[in-house]
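Chemist:
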Amino acid sequence: MKQTAEKTVVAKILTDDLTQSKLDAINHEYEAFQRYIRGDEDADLYSATKQCADAYVDTDNLRDDHDYPWFIRNDVFDVGVDVEQHDTDLTDWWLKLPVSQVWGGVNVPIQPHDEIPDEADVKDSKIVREDGDYYAHLTVRQEVEVSEEYDGVIGVDFGIRWVATSVALPSRNTEFYGREIRRIRRHHHNLRTRLQEKGAYDTLQSVRAKEHRRVNDRLHKISRAIVEEAKERNALIVVGNLEGIQNQDLGAEMNRRLHSMPHHTLKNYIEYKATFAGIAVKSVNEYMTSQTCWRCGEQEATTRKGQGRHLCHECGLDDNADKNGATNIAKKGLGKDIACPLSSLGAVCEPALEPSGADQASATVRLRADLEAPASTKRAVRRAK
């Protein structure tokens, strides 16, 4: 089925490798943009950029202490591999920026965090300045063919202990993601507390921006790993819909940890990366996925020990709690009752899909391997950073 895929590719502008005149022109345009949106109609700003400012910026609610993205119209800039011939090995990607001080704009080297497909359209985008560095947020749109037949599913559970846990069926390969994010969050939480006590608010803003960039980088790597596994296995991706996950009351410390986990952002990254890769993503209700035993389907005689273990007193399952939830999410993605044993799922099913931007459709999933659980469920799983 055809679907329109859209994503934002963040590309750092390599300002250290620019001539001073190019850097001055970019700084001038950025500062002129800030003045124009605050009412300076005589600001020396590229005319098309003024039109973007009028279209995208809510000038009635501007903060005096905040810089706003410099918006650029898609018909006045260009991005790609070697936009013009350059005698340099700096990067394969270049961006031509429209500026008022240089006729025809300036070509700058950029380092995108993700590939920009040749057949994709780059829409209206924006330039953001953080800690003196410039980043191009490029809106990329492309028509893709999303597969309708799969050999399995990958269930993704979002949690507190791990930002995400994935389980592939029929192989039951399990991956844990987010250890590094927990470390980053904990470090910056303690650092922000100390800075607030000292009243170092300027440094505090810089620390927050750095934390955001580091966490965002990890989220892109995690989502990319999940999508790459799905593509390798030809698997439908199934995720929890996150309804209610942020409304739990688990105590002050656990609530802080829960709310600091960027589940919605990761879910969005998985969805758009999967769409660009031609893989469908199905969202399911997470109700009872944590309490139900993935092996036998028992829902009453189960116990969760903290955030780490799931115990079933019916069949004797002693397994990782997040893996248990992810397996049940995968079962729900197949349109099956999670109270049924895993071995009873059958060989072929057609779960309904609701892909973004498309009418409801269905996909065929063929589970070609035996799903019977092994005698022991305690096995090695990789914990991805």
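Here the sequence shown is numbered in my numbering, starting from 113 and rising by one per residue. Don't be surprised by glycine CBs; every beta carbon is placed ideally from N, CA and C. The structure presented is a predicted model; accordingly, all values stated were derived computationally and were not measured.
Quick one: complete beta strand (DSSP E) runs, 3+ long, within the region 150-193?
Modeler: Counting only runs of 3 or more, we get 182-184 and 190-193.
Chemist: Fully enclosed by the region 268-346, which alpha helix (DSSP H) runs are 4 residues long or longer?
Modeler: The qualifying runs are 291-310 and 313-345.
Chemist: Who are the near neighbours of Asn440 in its chain, counting only those whose CB is closer than 6 Å to its CB and skipping five residues on each side?
Modeler: Here residue 440 is taken as the residue at index 328 of the sequence shown, counted from 1. The residues are Thr401, Thr404, Trp406 and Ile450.
Chemist: Answer with buried or exposed for Trp205, where buried requires no fewer than 16 other C-beta atoms within 10 angstroms of its C-beta.
Modeler: For this step, residue 205 is matched to residue 93 along the sequence shown. The residue is buried, with at least 16 neighbouring Cβ atoms inside 10 Å.
Chemist: Specify the secondary structure class of Asn353 as computed by DSSP and reduced to three states.
Modeler: Here residue 353 corresponds to residue number 241 of the sequence shown, with the count starting at 1. Coil at Asn353, not helix or strand.
Chemist: Would you list the one or two residues that DSSP bridges to His249?
Modeler: Looking up residue 249 in the sequence shown gives position 137. In DSSP, His249 forms a bridge with Val122 and Lys238.
Chemist: Roughly how many angstroms separate the alpha carbons of Arg330 and His299, rounded to a whole number?
Modeler: Working through the sequence shown from its first residue, we reach residue 330 at position 218. Working through the sequence shown from its first residue, we reach residue 299 at position 187. Computed Cα separation, rounded: 15 Å.
Chemist: Can you give me the Cβ contacts of Pro229 inside the same chain, cut-off strictly under 7 Å, excluding the 5 residues immediately before and after it?
Modeler: Sequence index remark: in the sequence shown, residue 229 carries index 117 (1-based). Closer than 7 Å at the Cβ level, and outside the excluded window around Pro229, lie Gln254.
Chemist: Beta-carbon within less than 8 Å of Glu365's beta-carbon, same chain only, minus the 5 sequence neighbours each way: which residues are those?
Modeler: The residue given as residue 365 occupies position 253 in the sequence shown. Confidence at Glu365 is low in this model, with a pLDDT of 47, below 50, so the placement of that residue should be treated as unreliable; the coordinate-derived value is given next. Within the same chain, Glu365 has no close Cβ partners at all.
Chemist: Buried or exposed for Leu307, please, with buried defined as at least 16 other CB atoms from any protein chain shown within 10 angstroms of its CB.
Modeler: As a working mapping, residue 307 is identified with position 195 in the sequence shown. Buried: at least 16 other Cβ atoms inside 10 Å.
Chemist: Buried or exposed: where does Lys443 fall if 16 or more other Cβ atoms within 10 Å of its Cβ makes it buried?
Modeler: Taking the sequence shown and counting its residues from 1, one reaches residue 443 at position 331. Flag for Lys443 reads buried.
Chemist: Are Ile149 and Ile239 close, meaning C-beta to C-beta below 8 Å?
Modeler: Within the sequence shown, the letter at position 37 stands for residue 149. Within the sequence shown, the letter at position 127 stands for residue 239. Taking 8 Å as the Cβ cut-off, Ile149 and Ile239 do not qualify as a contacting pair.
Chemist: Please go through the same chain and pick out, in chain order, the residues whose beta-carbon is closer than 7 Å to the beta-carbon of Ile293, but skip the five residues on each side of it.
Modeler: As a working mapping, residue 293 is identified with position 181 in the sequence shown. The answer, listed in chain order, is Val275, Val327 and Arg330.
Chemist: Given that a residue counts as buried once 16 or more other Cβ atoms are within 10 Å of its Cβ, and exposed if not, what is Ser159?
Modeler: In the sequence shown, the residue the question calls residue 159 occupies position 47. Exposed, since its Cβ has fewer than 16 Cβ neighbours within 10 Å.
Chemist: Would you mind sorting Asp128 into buried or exposed? The rule is 16 or more other CB atoms within 10 Å of its CB.
Modeler: Against the sequence shown, residue 128 aligns to sequence position 16. Classification for Asp128: exposed.
Chemist: Relative to the C-alpha of Asp177, which candidate in Lys114, Ala165, Gln146 and Thr161 has its C-alpha closest?
Modeler: In the sequence shown, the residue the question calls residue 177 occupies position 65. Considering only alpha carbons, the answer is Gln146.
Chemist: Measure the alpha-carbon distance for Gln317 versus Asp154 and round it to whole angstroms.
Modeler: The sequence position of residue 317 within the sequence shown is 205, counting from 1. The sequence position of residue 154 within the sequence shown is 42, counting from 1. So the alpha carbons of these two residues sit roughly 31 Å apart.
Chemist: Determine the closest residue to Asp233 out of Val256, Ala433 and Tyr168, with distance taken between C-alpha atoms.
Modeler: Locating residue 233 in the sequence shown gives position 121, counting from the first residue. Comparing Cα-Cα distances from Asp233 to each of Val256, Ala433 and Tyr168, the minimum goes to Val256.
Chemist: DSSP puts Tyr432 in a beta bridge; with which residues?
Modeler: Taking the first residue of the sequence shown as 1, we reach residue 432 at position 320. With the sequence shown as reference, residue 432 is identified as Asn, and Tyr is not the correct amino acid for it. DSSP, once it has assigned bridges, lists Arg421 as partnering Asn432.
Chemist: Going by alpha carbons, who is nearest to Thr414 out of Gly437, Leu303, Glu398 and Phe189?
Modeler: Here residue 414 is taken as the residue at index 302 of the sequence shown, counted from 1. Measuring from the Cα of Thr414, the nearest candidate turns out to be Gly437.
Chemist: Looking at the unbroken alpha helix (DSSP H) that takes in Lys385, where does it start and where does it end?
Modeler: Counting from 1 along the sequence shown, the entry for residue 385 is found at position 273. Counting along the chain, the alpha helix (DSSP H) containing Lys385 begins and ends at His375 to Phe388.
Chemist: Grouping DSSP H, G and I as helix and E and B as strand, with all else coil, what is Arg416?
Modeler: On the sequence shown, residue 416 is found 304 positions in, with the first residue counted as 1. Note: Arg416 maps to strand in three-state DSSP.
Chemist: Assign Gly217 to one of three DSSP states: helix, strand, or coil.
Modeler: Here residue 217 refers to the residue found at position 105 of the sequence shown. Strand, per DSSP.
Chemist: Below 8 Å on the Cβ atoms is my contact criterion, and I expect Ala433 with His422 to pass it. Report the Cβ-Cβ distance as a whole number of Å.
Modeler: Along the sequence shown, one-based indexing puts residue 433 at 321. Along the sequence shown, one-based indexing puts residue 422 at 310. That belief holds up - the Cβ atoms of Ala433 and His422 are roughly 4 Å apart, short of 8 Å.
Chemist: Could you check whether Ser283 and Val351 sit closer than 8 Å to each other, using their CB atoms as the reference points?
Modeler: Within the sequence shown, the letter at position 239 stands for residue 351. Within the sequence shown, the letter at position 171 stands for residue 283. It is not a contact, given that the beta carbons lie outside the stated cut-off.
Chemist: With DSSP as the reference, identify every bridge partner of Ile266, one or two as the case may be.
Modeler: The residue labelled residue 266 in the question sits at position 154 within the sequence shown. Answer is Ala280 and Ile349, bridged to Ile266.
Chemist: Roughly how many whole angstroms lie between the Cα atoms of Asp136 and Ala144?
Modeler: Start at 1 with the first residue of the sequence shown, and residue 136 comes out as number 24. Start at 1 with the first residue of the sequence shown, and residue 144 comes out as number 32. Whole-angstrom Cα-Cα distance: 12 Å.
Chemist: Expressed to the nearest angstrom, what Euclidean distance is found between the alpha-carbon atoms of Gln197 and Ser133?
Modeler: Here residue 197 refers to the residue found at position 85 of the sequence shown. Here residue 133 refers to the residue found at position 21 of the sequence shown. Residue confidence for Gln197 is low, a pLDDT of 49 falling below 50, so the modelled location carries little weight; the figure read from the coordinates is stated next. Each residue's Cα considered, the two are about 19 Å apart.
Chemist: In whole angstroms, what is the alpha-carbon distance linking Gly290 and Tyr384?
Modeler: Here residue 290 corresponds to residue number 178 of the sequence shown, with the count starting at 1. Here residue 384 corresponds to residue number 272 of the sequence shown, with the count starting at 1. If I take the Cα positions, the gap works out to 20 Å.
Chemist: Measure from the alpha carbon of Lys162 to the alpha carbon of each residue in Val252, Pro210 and Asp245, then state which is nearest.
Modeler: Here the question's residue 162 lines up with position 50 in the sequence shown. The shortest Cα separation from Lys162 among Val252, Pro210 and Asp245 belongs to Pro210.
Chemist: What do you reckon, are the CB atoms on Ala123 and Ile266 nearer than 8 Å?
Modeler: As a first step, residue 123 is located in the sequence shown; it is residue number 11 there, counting from the start. As a first step, residue 266 is located in the sequence shown; it is residue number 154 there, counting from the start. Cβ distance not < 8 Å, so Ala123 and Ile266 don't count as in contact.
Chemist: Using only the alpha-carbon positions, how far apart do Gly264 and Val220 sit?
Modeler: Your numbering for residue 264 matches position 152 in the sequence shown. Your numbering for residue 220 matches position 108 in the sequence shown. The alpha-carbon atoms of Gly264 and Val220 are separated by roughly 44 Å.
Chemist: For Thr286, is the classification buried or exposed, using 16 other Cβ atoms within 10 angstroms of its Cβ as the cut-off for buried?
Modeler: What you label residue 286 is simply residue 174 of the sequence shown in a count that begins at 1. Its Cβ being crowded by 16 or more others within 10 Å, Thr286 is buried.
Chemist: Could you pull the start and end residues of the beta strand (DSSP E) that Thr476 belongs to?
Modeler: Within the sequence shown, the letter at position 364 stands for residue 476. Here the beta strand (DSSP E) through Thr476 covers Thr476 to Arg478.
Chemist: Who are the near neighbours of Arg241 in its chain, counting only those whose CB is closer than 7 Å to its CB and skipping five residues on each side?
Modeler: The residue labelled residue 241 in the question sits at position 129 within the sequence shown. Taken in chain order, the residues that qualify are Tyr142 and Asp179.
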